[in-house]
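Colleague: Be aware that the sequence shown starts at 1, since it is given in full-length UniProt numbering, and climbs by one per residue.
We treat Cβ as the ideally placed atom computed from N, Cα and C, and that holds for glycine.
As the structure is a computational prediction, the values presented were derived from the model and not from experiment.
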Amino acid sequence: MSTISTERDGAILRITLNRPEKLNALDTPTLTELHRRLTEAADDSSVRVVALTGAGRAFSSGGDLSGKNTKGAVRAANLVVSTITRLPKPVVASVHGPAVGLGCPLALACDLVVAKRSAYFQLAFARVGLMLDGGASVLLPRAIGRARAARMAMTAEKVSAATAFDWVLVSHVVDDTAYEAELAAVTSALAAGPTQSFRWIKRAFAAATLSHLETVQAIDEEGQRMLVQSNDYRRGVEAFRAGRQPQFAGD
């Protein structure tokens, strides 16, 4: 079964991360397929809006820590995030559940984030001895400031959708009972909007706020490549799988 599914609703293309049994954990094949679907959407003039979501109860639990099919995952993640920011049409993240680890910058790369009130955001990289990736080191400080970004990155704190909205991390937070209606209203309004205007708005915003994205993503790749070889990463993953707190030693 494909780990990415798509559905058309007129000019709206819905792309769904489709690994619900793994809370939509992101391995290299999934990221590669997601990039392909986004590239196709960019080239398809009949698509005016892309809505990105996850199947089941999570948006995404982040990178797949099973160790399977993860070679080149950081580079693939960076490519997906860059593609979303450059896509010449609006991309809406539909966050109905946890957006954790890589799932967090994946959502934040989108132009609008519509979050259920029961959803939350978490940068859990440090819990397994890793650094942020996917361009989160640019997206987070630009959105919420360095202090709050450091708080999320270093403490791995769960940030509720309501707090994320107060911090200006997401554009919409909606009560669970009204969520589907609000999401439909947002995507429909964008689909009926001025596509050329949206294209130039995105281009200008990217120039103003994401000029260092590629530089930071290169650091992501270098840092994660070194960190996954560390003993602390091994300890972190073992502790995660055992459901206990890791005992890091700094090596």
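In terms of alpha-carbon separation, which member of Ala76, Arg234, Ile219 and Ala189 lies closest to His35?
Modeller: The count along the sequence shown starts at 1 and reaches residue 35 at position 35. Comparing Cα positions, the closest option is Ala76.
Colleague: Closer than 6 Å by C-beta to residue 259: which residues in its own chain qualify, once you throw out the five before and the five after it? Chain order, please.
Modeller: Lying before the first or after the last residue shown, residue 259 is absent from the chain, which here runs from 1 to 251.
Colleague: Roughly how many angstroms separate the alpha carbons of Arg203 and Val80, rounded to a whole number?
Modeller: Taking the sequence shown and counting its residues from 1, one reaches residue 203 at position 203. Taking the sequence shown and counting its residues from 1, one reaches residue 80 at position 80. Those two C-alpha atoms are separated by around 17 Å.
Colleague: I'd like the span of the beta strand (DSSP E) that includes Gln122, first residue to last.
Modeller: Locating residue 122 in the sequence shown gives position 122, counting from the first residue. Segment Tyr120 to Gln122, the beta strand (DSSP E) holding Gln122.
Colleague: Please report the straight-line C-alpha distance between Gly7 and Ser82, rounded to a whole angstrom.
Modeller: Residue numbering aside, residue 7 sits at position 7 when the sequence shown is read from its first letter. Residue numbering aside, residue 82 sits at position 82 when the sequence shown is read from its first letter. The sequence shown places Glu at residue 7, not Gly. About 23 Å.
Colleague: Between Tyr179 and Ala55, what straight-line distance do the alpha-carbon atoms span, to the nearest angstrom?
Modeller: In the sequence shown, counting from the first residue as 1, residue 179 sits at position 179. In the sequence shown, counting from the first residue as 1, residue 55 sits at position 55. Rounded to whole angstroms, Tyr179 to Ala55 spans 15 Å at the Cα level.
Colleague: Would you mind reading off the limits of the alpha helix (DSSP H) that contains Lys202?
Modeller: In the sequence shown, counting from the first residue as 1, residue 202 sits at position 202. Segment Thr195 to Thr209, the alpha helix (DSSP H) holding Lys202.
Colleague: Which residues in the same chain as Leu65 place their Cβ atom closer than 8 Å to its Cβ, once the five residues preceding and following it in sequence are excluded?
Modeller: If you number the sequence shown from 1, residue 65 lands on position 65. Ala25, Val128, Val237, Phe240 and Arg241.
Colleague: Classify Gly243 as helix, strand or coil using the three-state DSSP reduction.
Modeller: As a working mapping, residue 243 is identified with position 243 in the sequence shown. Here Gly243 sits in coil by DSSP.
Colleague: Assess, as a yes-or-no matter, whether the stretch 119 to 133 is touched by the stretch 44 to 52 under the definition of 3 or more beta carbon pairs within less than 8 Å.
Modeller: The stretch 44 to 52 is not in contact with the stretch 119 to 133.
Colleague: Between the C-alpha atoms of Arg57 and Lys68, what's the straight-line distance to the nearest angstrom?
Modeller: The count along the sequence shown starts at 1 and reaches residue 57 at position 57. The count along the sequence shown starts at 1 and reaches residue 68 at position 68. Going by the C-alpha atoms only, they are around 23 Å apart.
Colleague: Would Glu221 pass as a contact of Val74 if the rule is Cβ separation under 7 Å?
Modeller: Within the sequence shown, the letter at position 221 stands for residue 221. Within the sequence shown, the letter at position 74 stands for residue 74. Yes. Within cutoff.
Colleague: Just the C-alpha distance for Asp166 and Val100, rounded to the nearest angstrom, thanks.
Modeller: To locate residue 166, count along the sequence shown from 1; it is residue 166. To locate residue 100, count along the sequence shown from 1; it is residue 100. So the two alpha carbons sit approximately 19 Å from each other.
Colleague: Under 7 Å, do Thr28 and Thr85 count as touching if we go by C-beta distance?
Modeller: Stepping through the sequence shown from its first residue, residue 28 is reached at position 28. Stepping through the sequence shown from its first residue, residue 85 is reached at position 85. No; because the gap between Cβ atoms is not below 7 Å, this pair is not in contact.
Colleague: Starting from the N-terminal side, write out each stretch of the alpha helix (DSSP H) that is 4 residues or longer and does not extend beyond the stretch 3 to 65.
Modeller: Fully enclosed alpha helix (DSSP H) runs of 4 or longer: 28 to 43.
Colleague: Using alpha carbons as the reference points, say which of Met131, Ala162 and Leu102 lies closest to residue 252.
Modeller: Lying outside 1 to 251, the shown extent of the chain, residue 252 is not represented and no answer is given.
Colleague: Within 10 angstroms of its Cβ, does Gln229 collect 16 or more other Cβ (buried), or is it exposed?
Modeller: Along the sequence shown, read from residue 1 onward, the residue named residue 229 stands at position 229. Flag for Gln229 reads exposed.
Colleague: By the three-class DSSP mapping on this structure, what secondary structure does Leu130 have?
Modeller: Looking up residue 130 in the sequence shown gives position 130. Looking at Leu130 - three-state DSSP - the assignment turns out to be coil, as it is neither helix nor strand.
Colleague: State the start and end residues of the unbroken beta strand (DSSP E) segment that holds Val114.
Modeller: Start at 1 with the first residue of the sequence shown, and residue 114 comes out as number 114. Counting along the chain, the beta strand (DSSP E) containing Val114 begins and ends at Leu112 to Lys116.
Colleague: Check each candidate in Arg14, Tyr120 and Thr39 and name the one with the smallest Cα separation from Gly62.
Modeller: Along the sequence shown, read from residue 1 onward, the residue named residue 62 stands at position 62. With distances taken between Cα atoms, Gly62 lies closest to Tyr120.
Colleague: Drop a sphere of 10 angstroms on the beta-carbon of Asn231, count the other beta-carbons inside from all chains shown, and report buried for 16 or more, exposed for fewer.
Modeller: In the sequence shown, counting from the first residue as 1, residue 231 sits at position 231. With fewer than 16 other Cβ atoms within 10 Å, it is exposed.
Colleague: Quick one, are the C-beta atoms of Gln196 and Asp133 less than 7 Å apart?
Modeller: Against the sequence shown, residue 196 aligns to sequence position 196. Against the sequence shown, residue 133 aligns to sequence position 133. No. Outside cutoff.
Colleague: Residues in the same chain with beta-carbon distance under 7 Å from Val216, minus the five sequence neighbours each way, listed in chain order, please.
Modeller: The residue labelled residue 216 in the question sits at position 216 within the sequence shown. So the qualifying residues of the chain are Gly135, Ser137 and Val138.
Colleague: How long is the line joining the alpha carbons of Thr177 and Ala41, rounded to whole angstroms?
Modeller: Along the sequence shown, read from residue 1 onward, the residue named residue 177 stands at position 177. Along the sequence shown, read from residue 1 onward, the residue named residue 41 stands at position 41. One C-alpha to the other measures close to 30 Å.
Colleague: Between Ala192 and Gly250, what straight-line distance do the alpha-carbon atoms span, to the nearest angstrom?
Modeller: Taking the sequence shown and counting its residues from 1, the one referred to as residue 192 is at position 192. Taking the sequence shown and counting its residues from 1, the one referred to as residue 250 is at position 250. The straight-line gap from Cα to Cα measures roughly 53 Å.
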